[in-house]
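Trainee: Numbering that gives the first Met the number 0 numbers the first residue of the sequence shown as 0 and each following residue consecutively.
A virtual CB, placed ideally from N, CA and C, is assigned to each residue, including glycine.
Note that the structure is a prediction, hence the values are computed from the model and not measured.
Submitted below is the structure of interest, expressed as structure tokens.
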Amino acid sequence: MESERAMRLGLIAAFVLRVAIGLAAIDGYRPTVGDPSDYVEIAERLLAGEGYALPWSAQPRIGVKQPAVATAYRPPLYPLFLAGVFAVAGHRLSAVVVVQAALDTVSCLLIGRIALATFGSAAGVFAVWWAALYPGLWIHVTRIWAECLFVFLAVALLFVASREARTPSRGGPLAAGALLGLLCLTRPNGVFFLPAVGVCVVGYRSVSRTLTRLVLFVAAAVVVVLPWAARNYLEFHRWIPFSTMSAVVARGAYHDRALNDPNAKGGWVLDGLAADVAATSNELELHDRAWREAREWARQHLRDLPRLFYYRARRFWSPSWVGSEIYVTSKQSWIRPLGEISYLLTLGVALVGLCLARRQVTASPYLLATPLSFTVCAMLTWGNWRLRAPVEPVLVLLASAVTRVCRKSAHGAS
């Protein structure tokens, strides 16, 4: 009872903190460029009955106003989420922040439940409070980016995986597959959860049951993604399961500056992208051109790729936040150093927890597979703190394992 009460208090604190900081961050803000602008514009056009569309100049924006055309540049789930909030509460970003705060509070609850089931009641309380106060999680509530929704779905998937690792159920593969599909429709790199949770969801002693669960897992994911892919096929006469943005990401990731520029090593750069847009007449031409340029660069720099992958892995695990991606830091300068210090502390405690709870971690393979899988994701695409978003809840879970020391000490004293 005491632990349940402590967890409830932690959840209240999580929601209040997220709403307070989120509303302060969003006050006076209006997205005008980049991802937030595109997400909001698509949502507004959906509500206006104009379909899932953007001006061609929005991919990326080059300052030229053109009529909106059907697009698959942005994955659909976050714009649809925004459209739903706008439809109910009006075109107010403050309403988006409140809903995101609620989603992230549920994420804290699920993190606590996973920790409780894996490491014990003390770990559950620890995880809820750490997640509630951890800037690496609540910072996404303050932003009109897809990460908050992505983290919520990721934690829900980890919750299903943790339950399936302990007690397999008939509905587990279907729930996990559906969540995996939703993750991929929020950010395409959600596909990197496949190896991280697949072993928990489909693993079984019987080969036939393993195959059955695998089929259900994959089928559920395909069913979720299929309507979007079918829409794209009707619009573009090509199968586009997630988005066309992957090619643009590759174009900026496999680039001379990403390899050699001291300020951009392993990062994503825009050099040459505006020229690519100017040289193409539509989104698919840009997609094909960007892939061609990225593959050609990679082919010519095969010997340099290991060094580039190292730069990306280093950036992925770096404490540094990109200030231009977090507009609240221009108002509240203390948030950025707090986030970086708290991340290093969380990472350190997580490593200690990993050492203390090796058996439990081995029995919950997603705790190791998720960080490894998304490190590979960063190495193949680009190194950035945003790509670490789905790993942050796992770090909190591993950190909660340090409560084993307190429990052993208490038992020893008694």
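Between Y309, A116 and I138, which has its C-alpha nearest V18's C-alpha?
Mentor: Taking the sequence shown and counting its residues from 1, the one referred to as residue 18 is at position 19. With distances taken between Cα atoms, V18 lies closest to I138.
Trainee: Using a threshold of 8 Å, state whether the C-beta atoms of P134 and W227 are closer than that.
Mentor: Position 135 of the sequence shown, counting from 1, holds the residue named residue 134. Position 228 of the sequence shown, counting from 1, holds the residue named residue 227. No; because the gap between Cβ atoms is not below 8 Å, this pair is not in contact.
Trainee: Apply the 10 Å Cβ neighbour rule to G352 and answer buried if 16 or more other Cβ atoms are within range, or exposed otherwise.
Mentor: For the purposes of this step, residue 352 is taken as residue 353 along the sequence shown, with counting starting at 1. Buried, since its Cβ has 16 or more Cβ neighbours within 10 Å.
Trainee: Starting from the Cα of L136, find the closest Cα among P392, A398, F14 and Y38 and give me that residue.
Mentor: As a position in the sequence shown, residue 136 is number 137, starting the count at 1. Residue P392 is the option with its Cα nearest to L136.
Trainee: Is there contact here, the segment 288-298 with the segment 69-87, by at least three beta-carbon pairs under 8 Å?
Mentor: With the cut-off at 8 Å, the segment 288-298 and the segment 69-87 do not touch.
Trainee: So V268 and A257 are supposed to be a Cβ contact under 8 Å. How far apart are they, rounded?
Mentor: Here residue 268 refers to the residue found at position 269 when the sequence shown is read from its first residue. Here residue 257 refers to the residue found at position 258 when the sequence shown is read from its first residue. Contact flag correct, Cβ pair sits at about 6 Å.
Trainee: Could you check which residue in Y326, S205 and C199 has the C-alpha nearest to that of Y365?
Mentor: Along the sequence shown, one-based indexing puts residue 365 at 366. Cα-wise, what sits closest to Y365 is C199.
Trainee: Determine the DSSP secondary structure at V221, reduced to helix, strand or coil.
Mentor: Stepping through the sequence shown from its first residue, residue 221 is reached at position 222. The answer is helix: DSSP assigns V221 an H, G or I state.
Trainee: Please confirm whether L386 and N188 have their CB atoms less than 8 Å apart.
Mentor: Mapped onto the sequence shown, residue 386 falls at position 387. Mapped onto the sequence shown, residue 188 falls at position 189. Closer than 8 Å, so yes.
Trainee: Taking the alpha carbon of T361 as the reference point, which residue from L397, D260, L8 and Y38 has its own alpha carbon closest?
Mentor: Here residue 361 corresponds to residue number 362 of the sequence shown, with the count starting at 1. For T361, the nearest C-alpha among the options comes from L397.
Trainee: I'd like the ranges of any alpha helix (DSSP H) spanning at least 4 consecutive residues and lying wholly in the segment 353-378.
Mentor: Those alpha helix (DSSP H) runs which fall completely within the segment 353-378 and span 4+ residues are 357-362.
Trainee: By DSSP, does A57 sit in helix, in strand, or in coil?
Mentor: Taking the first residue of the sequence shown as 1, we reach residue 57 at position 58. In this prediction, A57 has a pLDDT of 44, which is less than 50 and means its spatial position is unreliable; nothing more can be read from the coordinates.
Trainee: Mind checking P59: buried by the 16 CB within 10 Å criterion, or exposed?
Mentor: Counting from one through the sequence shown, the residue named residue 59 turns up at place 60. Summary for P59: the model assigns pLDDT 48, below 50, so the residue's position carries little reliability; its value from the coordinates is reported in the next sentence. It is buried - the Cβ of P59 has at least 16 other Cβ atoms within 10 Å.
Trainee: P354: buried (16+ other C-beta within 10 angstroms of its C-beta) or exposed?
Mentor: Taking the sequence shown and counting its residues from 1, one reaches residue 354 at position 355. As written in the sequence, residue 354 is Cys, which differs from the Pro given in the question. Exposed.
Trainee: Quick one: what's V68 bridged to in DSSP?
Mentor: As a first step, residue 68 must be located in the sequence shown, where it is residue number 69. Paired residues: L53.
Trainee: Should N259 go down as buried or exposed, given a rule of 16 or more other Cβ atoms within 10 Å for buried?
Mentor: Working through the sequence shown from its first residue, we reach residue 259 at position 260. Answer is exposed; the Cβ neighbour count stays below 16.
Trainee: Which same chain residues end up closer than 6 Å to A114 when comparing Cβ atoms and leaving out the 5 residues on each side of it in sequence?
Mentor: Residue mapping note: residue 114 aligns to position 115 of the sequence shown, counting from 1. Counting only Cβ-Cβ distances below 6 Å, and skipping sequence neighbours, we find A122, G123, A126, L396 and S399.
Trainee: So what does DSSP say about R186, is it helix, strand or coil?
Mentor: Here the question's residue 186 lines up with position 187 in the sequence shown. If DSSP states are grouped into helix, strand and coil, R186 belongs with coil.
Trainee: Note the first and the last residue of the continuous alpha helix (DSSP H) segment covering H286.
Mentor: The residue you call residue 286 lines up with position 287 of the sequence shown. Note, H286: alpha helix (DSSP H), E282 to Q299.
Trainee: My output table needs one value for Q331: the three-state DSSP class, helix, strand or coil.
Mentor: For this step, residue 331 is matched to residue 332 along the sequence shown. If DSSP states are grouped into helix, strand and coil, Q331 belongs with coil.
Trainee: I want to know whether the segment 43-57 touches the segment 172-181 - three or more CB-CB distances under 8 Å.
Mentor: Output reads no: the segment 172-181 does not touch the segment 43-57.
Trainee: If we ignore side chains and look at the alpha-carbon of each, how far apart do L367 and C147 end up?
Mentor: Position 368 of the sequence shown, counted from the start, is the residue given in the question as residue 367. Position 148 of the sequence shown, counted from the start, is the residue given in the question as residue 147. Computed Cα separation, rounded: 22 Å.
Trainee: Spatial neighbours of P35 within its chain, please: C-beta separation below 7 Å, excluding the five flanking residues on both sides.
Mentor: By 1-based counting over the sequence shown, the position of residue 35 is 36. Counting only Cβ-Cβ distances below 7 Å, and skipping sequence neighbours, we find I143 and W144.
Trainee: Output the boundary residues of the alpha helix (DSSP H) element that contains V18.
Mentor: Taking the sequence shown and counting its residues from 1, the one referred to as residue 18 is at position 19. Per DSSP, V18 belongs to the alpha helix (DSSP H) from E1 to I25.
Trainee: Would you mind working out which of T211, V217 and E49 sits nearest V196, comparing C-alpha positions?
Mentor: Position 197 of the sequence shown, counting from 1, holds the residue named residue 196. Checked all of T211, V217 and E49; the closest Cα to V196 is V217.
Trainee: Check A273 in the structure and name its three-state DSSP category.
Mentor: Here residue 273 is taken as the residue at index 274 of the sequence shown, counted from 1. Helix, per DSSP.
Trainee: Please tell me whether E339 and W320 are closer than 8 Å, where the distance is taken between their beta carbons.
Mentor: By 1-based counting over the sequence shown, the position of residue 339 is 340. By 1-based counting over the sequence shown, the position of residue 320 is 321. Result yes, Cβ atoms of E339 and W320 sit closer than 8 Å.
Trainee: Locate the alpha helix (DSSP H) running through F85, then write down its first and last residues.
Mentor: As a first step, residue 85 is located in the sequence shown; it is residue number 86 there, counting from the start. Note, F85: alpha helix (DSSP H), L76 to A88.
Trainee: For A67, tell me which candidate among L184, G48 and V84 has the shortest Cα-Cα distance.
Mentor: Within the sequence shown, numbered from 1, the residue matching residue 67 stands at position 68. The shortest Cα separation from A67 among L184, G48 and V84 belongs to G48.
Trainee: I need the DSSP call for D260, collapsed to helix, strand or coil.
Mentor: Translated into positions along the sequence shown, residue 260 becomes position 261. Three-state DSSP puts D260 in coil, outside helix and strand.
Trainee: Are there 16 or more other CB atoms within 10 angstroms of the CB of A229, so buried, or fewer, so exposed?
Mentor: As a first step, residue 229 is located in the sequence shown; it is residue number 230 there, counting from the start. The residue in question, A229, is exposed, as its Cβ has fewer than 16 Cβ neighbours within 10 Å.
Trainee: Classify E284 as buried or exposed, calling it buried when 16 or more other Cβ atoms lie within 10 Å of its own Cβ.
Mentor: Numbered from 1 along the sequence shown, position 285 holds the residue referred to as residue 284. It is exposed - the Cβ of E284 has fewer than 16 other Cβ atoms within 10 Å.
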